[in-house]
Amino acid sequence: MTTTTLPAPAALPTRTLLTCGILAGPGFVGTGVLQGLTRAGFDFTRHPASVLANGDLGWLQVTNFLVTGLLTIAAAAGIRRVLPGRWGPGLLAVYGAGLLCAGVFRADPQDGFPLGTPAGPPAAVSWHGTLHFACGGIGFAALVGACFAIGAHLSPARAWYSRISGLLFLVGFAGVASGSTSPVVTLGFWAAVAIAWTWLATTSAHLMPRGDLR
Numbered sequence: 293m294t295t296t297t298l299p300a301p302a303a304l305p306t307r308t309l310l311t312c313g314i315l316a317g318p319g320f321v322g323t324g325v326l327q328g329l330t331r332a333g334f335d336f337t338r339h340p341a342s343v344l345a346n347g348d349l350g351w352l353q354v355t356n357f358l359v360t361g362l363l364t365i366a367a368a369a370g371i372r373r374v375l376p377g378r379w380g381p382g383l384l385a386v387y388g389a390g391l392l393c394a395g396v397f398r399a400d401p402q403d404g405f406p407l408g409t410p411a412g413p414p415a416a417v418s419w420h421g422t423l424h425f426a427c428g429g430i431g432f433a434a435l436v437g438a439c440f441a442i443g444a445h446l447s448p449a450r451a452w453y454s455r456i457s458g459l460l461f462l463v464g465f466a467g468v469a470s471g472s473t474s475p476v477v478t479l480g481f482w483a484a485v486a487i488a489w490t491w492l493a494t495t496s497a498h499l500m501p502r503g504d505l506r
């Protein structure tokens, strides 16, 4: 009997690894938005993507976290090959690991989702909900650091783009971490997530020509 194993990032061509960085964001955001539009009780103005891991179709969002985490770690390996600094790719890999943990430790149901859940925040946060938030906090901080560290090795214009993307994401996460349930804060976090993934996709695409040399 033969077994099939996934190739390790070190065995993959650099361009393939960078392509993972291009695909990670559209896949994550697209899957989340499609679920949000089709799953009963979900409201973009009240719910972050994490709560989609609950309910009968919660496995879709769990898979989304796990696949995106692996793609992000692969992208970090590709960026490490083409840029001189190690801090940036290392922090990006930490973010990828945070996504994996977010898939393993499910966020708690909240504010009417899934259907039948009481309105408002959870009455008590579960152990897996606590770990989900902790992993998210560590991963998000690492992503902000990655924006700055990777940007330091790019052209001045792209360095500023990286820093601004990191700052906007930090502001978006700080809003939801404050516990605010304002629609502006929730939608702002959705926008911040899209900004961060756009940064990874465009940075990976920008570095793609260097992949031919590695």
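506 is the number that my numbering gives the last residue of the sequence shown; the numbers go up by one with no jumps. Quick reminder that beta carbons are idealized off the backbone N, C-alpha and C, glycines included.
query, result
"In chain order, what residues of the same chain lie with their CB nearer than 6 angstroms to the CB of residue 438, ignoring the 5 residues before and after it?", "380, 383 and 384"
"Name, in chain order, the residues that DSSP records as bridge partners for residue 402.", "405"
"Would a C-beta distance cut-off of 9 angstroms place residue 364 and residue 347 closer than the cut-off?", "no"
"Is the number of C-beta pairs between the stretch 450-462 and the stretch 404-424 that are closer than 8 angstroms three or more?", "no"
"Can you tell which of 495, 436 and 454 has its C-alpha closest to the C-alpha of residue 466?", "436"
"Tell me whether residue 401 is buried or exposed, calling it buried when 16 or more other Cβ atoms sit within 10 Å of its Cβ.", "buried"
"Does DSSP put residue 425 in a helix, a strand or coil?", "helix"
"Are the CB atoms of residue 479 and residue 355 nearer to each other than 9 angstroms?", "no"
"Below 7 angstroms CB to CB, which residues in the same chain sit around residue 481 once its five sequence neighbours on both sides are set aside?", "340, 464, 465, 467 and 468"
"In terms of alpha-carbon separation, which member of 484, 408 and 320 lies closest to residue 359?", "320"
"Which stretch, first to last residue, makes up the alpha helix (DSSP H) that contains residue 383?", "379-396"
"Check this for me: beta carbons of residue 291 and residue 421, under 9 angstroms apart or not?", "This structure does not reach residue 291, given that the chain is present from 293 up to 506, and the question cannot be answered."
"Specify the secondary structure class of residue 438 as computed by DSSP and reduced to three states.", "helix"
"Is residue 338 helix, strand or coil when you go by DSSP?", "coil"
"Please report the straight-line C-alpha distance between residue 451 and residue 427, rounded to a whole angstrom.", "27 angstroms"
"For a quick check, are the C-beta atoms of residue 392 and residue 361 less than 9 angstroms apart?", "yes"
"Quick one, are the C-beta atoms of residue 375 and residue 499 less than 9 angstroms apart?", "yes"
"Between residue 407 and the rest of its own chain, which residues show a CB-CB distance below 7 angstroms, the 5 nearest in sequence each way excluded?", "332 and 333"
"What are the start and end residues of the alpha helix (DSSP H) that includes residue 366?", "350-374"
"So which of 353, 470, 475 and 446 has the shortest CA-CA distance to residue 495?", "446"
"Would you identify the three-state DSSP class for residue 313, choosing helix, strand or coil?", "helix"
"Quick check: residue 486 and residue 328, are their CB atoms within less than 9 angstroms of each other?", "no"
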